[in-house]
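Reading through the structure tokens given below for one structure.
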Amino acid sequence: PIRGITEHTLHRVDRTSLVKRVTHSYAAQLLENGFFNADPHPGNLFCQIQGGVCRPVLLDFGMVVTVDNAGRLAMCRLMQAIAVMDIAGAIQALRDVGLLDGIDQESQRPERQVQFFYFMLRGTGGGRDKA
1150 PIRGITEHTL
1160 HRVDRTSLVK
1170 RVTHSYAAQL
1180 LENGFFNADP
1190 HPGNLFCQIQ
1200 GGVCRPVLLD
1210 FGMVVTVDNA
1220 GRLAMCRLMQ
1230 AIAVMDIAGA
1240 IQALRDVGLL
1250 DGIDQESQRP
1260 ERQVQFFYFM
1270 LRGTGGGRDK
1280 A
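Residue numbers for the sequence shown follow the numbering used here, beginning at 1150 and rising by one.
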């Protein structure tokens, strides 16, 4: 399992590359395929090293969430809006995904939800974030 840095250091694993591969895998599951492993934790994620390249191995697809095409496309629009810092587009995409339904904090102040996504995606190179 992906737990400690010791094994990764021993095998000279490029952790940045590994995280990018895991992120790409989940993005492909959700945004392209419309289903994803809804139980990500270190016990369900292993590393396989082949030819000096570390690849993630995802296990235990017992808890899978299916997203219909409308939801998948709304999530794509949300990621695009966040990447280009389009707050109005992100708010609309959050509504389309169903995260701003009802009377709650998110529907009263949707910019807080967008700020949350910006915070979670900081350092990924999207938008104005160059850290």
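Virtual Cβ for every residue (Gly too), placed ideally from N, Cα, C. Every value quoted in this text rests on a predicted model; they were computed, and no experiment measured them.
Going by DSSP, which residues form a beta bridge with residue i?
i	result
asparagine 1186	Val1213
isoleucine 1236	Bridge partners of isoleucine 1236: none, in fact.
valine 1206	Phe1195
Cβ of residue i within 8 Å of Cβ of residue j?
i	j	result
tyrosine 1175	phenylalanine 1184	no
leucine 1180	methionine 1212	no
alanine 1230	alanine 1219	no
Mind reading off the beta-carbon distance from residue i to residue j? Whole number of angstroms is fine, and I expect it under 8 Å.
i	j	result
cysteine 1203	leucine 1167	5 Å
proline 1205	valine 1233	That pair is no contact at about 28 Å.
cysteine 1196	valine 1162	7 Å
Using the Cβ count rule (16 or more neighbours within 10 Å means buried), how would you classify residue i?
i	result
leucine 1208	exposed
glutamine 1178	buried
alanine 1237	exposed
alanine 1187	exposed
In three-state DSSP terms, what is residue i?
i	result
arginine 1164	helix
isoleucine 1252	For isoleucine 1252, the pLDDT reaches just 48, beneath the cut-off of 50, and the residue's location in the model is therefore unreliable, leaving the point undetermined.
leucine 1222	helix
glutamine 1264	helix
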